[in-house]
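Please read the structure below before turning to the comments.
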Amino acid sequence: MSGADPEKPIVESARDVDRQAASWLQRQNFWNWTTEDQAQFTFWLDQSTTHRIAYVRVSDAWNRTHRLTILRAPMIAREVERTGLRIWSIFSKAVAVLIVIVALGATAVIYLGAPHEDVVATAIGGHRLVALQDGSTVELGTGTVVRISQTNDARTVKLDRGEAYFQVKHDAARPFTVTAGDHQLTDLGTKFIVRRDPDRLDVSVMEGRVLFDTKQGSLRQVALLTTGDELVATEKSITRLKRSPQQLSDRLAWRRGVLVFKNTPLIDAVAEFNRYHSKKLVVLDSGAGRLTIGGTFETNNILAFTEVAQDVLGLRVVGRGDEIVLSR
Amino acid sequence: MIEIQETSVGGADARAGASMNAPQVDTWFAREVLPLEAALMQFLQHNWRNKSDVADLRQDIYVLVYESALKQIPDKPKQFVFATARHLLVDRVRREQIVPIEAVADLDALDVAMDEPSPDRQVIARDELKHLQAALDRLTPRCREAVVLGRIEGLSGVEIAERMGINRSTVSKHLTDGLAALADMIHGEAPEGRVKS
């Protein structure tokens, strides 16, 4: 760059910006990350579009190297103790491969900020706990983006996509609301989980009460949800179901890094599993898709899942580029 | 209930034609634009004499593409990226009169690049593991060790420092070098001399 033109703003070279982005990414992934770091990072990120793009670019490359961990799994496999977590599986073979390989570093958690609104995101397979000053927590599951804003008289979380578990310190003077598209949930003293897929919103109340409020076109609907309620809203319908404590607890299994299947059709189990990986499982024929599967699987261990498909369901498992194809 | 096709494209949240917020554009950009980087770099290297400008040109093109995607997601990303590249080069030639006109070799041959069939994602994905491994292998030994310990063994920065017997700021530097070099190699650009610690 000549840099001789005084009219031009100071231009950082692409190399410099790429290195800055790499430096931020490694700080987030490998070192203690403080709110001060977050503030500086947000400031840097908002300074220019080049910064943001460089960060997206290096994060994407980093996320791809995740595949290396899958490749190397058998060689470097080691058991990681997790206090308070026991892994059950009805398949001993699955247990043998249920090994934690992907450490937290694999989760390129992306913090992006805008004024008065904290954007917190997780990558595919990511998991992040966000503690608010008031003692409430928001726990993000895989591929999730939320925007959090807090003022003196309101706390608002926008769920752009993905899944989050809310444990709210109720404060009537400062209502806590979660919005997801046209749907809005207001806390009335509670713990609840909200999952937003492209065509569907799913809310389960673990404890307490939540007010659900939605407008579909000009139609507004309100429902009071209490402990054990699950509400599913699609473009066509809104359904309320009653769930057992065990079912509710299974819904939250991802917080422990696992997925729980019980007589789950393979096609649904695969869809769940795929939410955690960029490498996708594909079921070729619908007959195979209807086979049911059970057990507890670590979200980050695709191998354990495919071994069960192979050894227990008798399916053929073939890696095909970006996909793992299951067929009879 | 949930269709496999749907999930395999990563939620399909950034649809062509729609106006998007920044995180959605980030996702779109990573999915649609970054995979074109190898072809774009090749194009720039081929059409711009001063090779040391190429990384900066890429950066400028990315900014133009990103900012226009914030307003509207282009429905043909590849054509849009290369059209943007072409405009930028033509514009540079015009504005910076220092650059002799033959700096730009064959702008008109650009149509070839745009008419190329979309890369077969299957093939790319199959090669990706090999590509990743090769990228990792090209890092300098210490840099590679830090990245492997961090990425594959899942150690923290402090643990890497202990394991390698070096101080933390050196670990930090190795990781930064490693990440920056991996980003270049993974997205397709791999000039020599870039991969040093």
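Residue numbers (our numbering), protein chains in the order written: chain B, 4 to 331; chain D, 1017 to 1213. Cβ coordinates follow ideal geometry from the N, Cα and C atoms, glycine included.
Taking only beta-carbon atoms, is residue i less than 9 angstroms away from chain B?
i	result
D:Val1174	yes
D:Phe1059	no
D:Leu1056	no
D:Pro1093	no
D:Asp1193	yes
D:Glu1083	yes
D:Asp1200	yes
D:Asp1153	no
D:Ala1150	no
D:Pro1133	Reliability of the predicted coordinates at D:Pro1133 is poor, the pLDDT of 41 falling under 50, and the value obtained from them is presented with this limitation in mind. So, not an interface residue.
D:Ile1140	Summary for D:Ile1140: the model assigns pLDDT 46, below 50, so the residue's position carries little reliability, and this model does not support an answer.
Taking C-beta pairs closer than 9 angstroms, name the residues in chain D that residue i reaches, listed in chain order.
i	result
B:Phe308	Residues of chain D passing the Cβ test: none, with the nearest at roughly 15 angstroms.
B:Asp253	Within 9 angstroms Cβ-Cβ: nothing; B:Asp253 doesn't reach chain D, min ~16 angstroms.
At 8 angstroms on the CB atoms, spell out the chain B contacts of residue i, in chain order.
i	result
D:Glu1161	Residues of chain B passing the Cβ test: none, with the nearest at roughly 13 angstroms.
D:Arg1179	Within 8 angstroms Cβ-Cβ: nothing; D:Arg1179 doesn't reach chain B, min ~13 angstroms.
Under 9 angstroms between C-beta atoms, does residue i make it to chain D?
i	result
B:Ala291	no
B:Arg331	no
B:Ala134	no
B:Thr68	yes
B:Arg177	no
B:Gln41	no
B:Phe46	no
B:Trp257	no
B:Arg22	yes
B:Asp63	yes
B:Asn32	yes
B:Ala183	no
B:Ala124	yes
Do you know how far the Cα of residue j is from the Cα of residue i?
i	j	result
B:Arg258	B:Gly146	14 angstroms
D:Asp1127	D:Phe1098	Because D:Asp1127 sits at a pLDDT of 43, beneath the cut-off of 50, its placement in the model cannot be relied upon, and the following sentence gives the value as read from the coordinates. Spanning the two alpha carbons is a distance of roughly 9 angstroms.
B:Glu301	B:Ala25	29 angstroms
B:Thr53	B:Ser62	14 angstroms
B:His130	B:Gly144	5 angstroms
B:Gly322	B:His280	14 angstroms
D:Leu1171	D:Arg1184	13 angstroms
D:Leu1050	B:Ala312	34 angstroms
B:Leu48	B:Arg55	5 angstroms
B:Gly292	B:Asn35	44 angstroms
B:Tyr168	B:Phe195	6 angstroms
B:Leu255	B:Arg150	21 angstroms
D:Arg1179	D:Leu1198	22 angstroms
B:Arg158	B:Pro178	6 angstroms
B:Asp205	B:Gly192	19 angstroms
B:Ala274	B:Lys239	21 angstroms
D:Arg1167	D:Leu1152	11 angstroms
B:Ser16	D:Val1163	25 angstroms
B:Thr299	D:Pro1090	42 angstroms
B:Val213	B:Thr140	16 angstroms
D:Ser1068	B:Arg30	29 angstroms
D:Met1057	D:Lys1146	21 angstroms
So the beta strand (DSSP E) residue i belongs to, where does it begin and stop?
i	result
B:Thr302	Taken as a continuous stretch (DSSP letters only), B:Thr302 belongs to no beta strand (DSSP E), as it is neither H nor E.
D:Ser1084	No beta strand (DSSP E) holds D:Ser1084; the alpha helix (DSSP H) holding it covers 1070 to 1087.
B:Ala124	120 to 124
D:Leu1050	Where D:Leu1050 is concerned, there is no enclosing beta strand (DSSP E), given that its DSSP letter is neither H nor E.
B:Ser152	148 to 153
B:Asp232	232 to 237
B:Asn266	261 to 268
Identify the contact partners of residue i in chain B, using a Cβ-Cβ distance below 7 angstroms as the criterion.
i	result
D:Ile1182	Near D:Ile1182 there are no residues of chain B at all, since even the closest Cβ is about 14 angstroms away, more than 7 angstroms.
D:Ile1089	Under the 7 angstroms cutoff, chain B gives no residues; its nearest Cβ is about 15 angstroms from D:Ile1089.
D:Leu1107	Position check: residue 1107 of chain D holds Asp in this sequence, whereas Leu was assumed. The premise fails here: D:Asp1107 is roughly 14 angstroms from chain B at the closest Cβ pair, so nothing lies under 7 angstroms.
D:Arg1102	What D:Arg1102 touches in chain B: nothing, since even the nearest Cβ is about 19 angstroms away.
Give the residues of chain D in contact with residue i, contact being defined as C-beta atoms less than 7 angstroms apart.
i	result
B:Thr53	Gln1075, Val1079
B:Asp163	Pro1039
B:Ser26	Thr1192
B:Arg60	Leu1050, Ala1199, His1203
B:Gln29	Ser1188, Leu1191, Thr1192, Leu1195
Could you spell out the range, first to last residue, of the alpha helix (DSSP H) harbouring residue i?
i	result
D:Pro1039	1038 to 1044
B:Gly165	Not the alpha helix (DSSP H): B:Gly165 falls in the beta strand (DSSP E), residues 158 to 170.
D:Leu1060	1053 to 1063
B:Ser62	52 to 67
D:Gly1194	1184 to 1202
D:Pro1157	1157 to 1167
Which residues in chain D sit within 8 angstroms of residue i, going by Cβ to Cβ distance?
i	result
B:Asp121	Residues of chain D passing the Cβ test: none, with the nearest at roughly 12 angstroms.
B:Ile56	Phe1045, Gln1075, Tyr1078, Val1079, Tyr1082
B:Val148	Pro1039
Any heavy atom of the ligand MG closer than 8 angstroms to the CB of residue i?
i	result
B:Ala126	As far as ligands go, the structure on display features none, and thus does not contain the ligand MG.
Secondary structure, beta strand (DSSP E): runs of 3+ residues fully inside the segment 180 to 204 of chain B: List check, beta strand (DSSP E) in window: 186 to 200.
Against chain E: residues of the segment 188 to 222 of chain B by CB proximity under 9 angstroms: Going by chain labels, chain E is absent from the structure shown, which instead holds the protein chains B and D.
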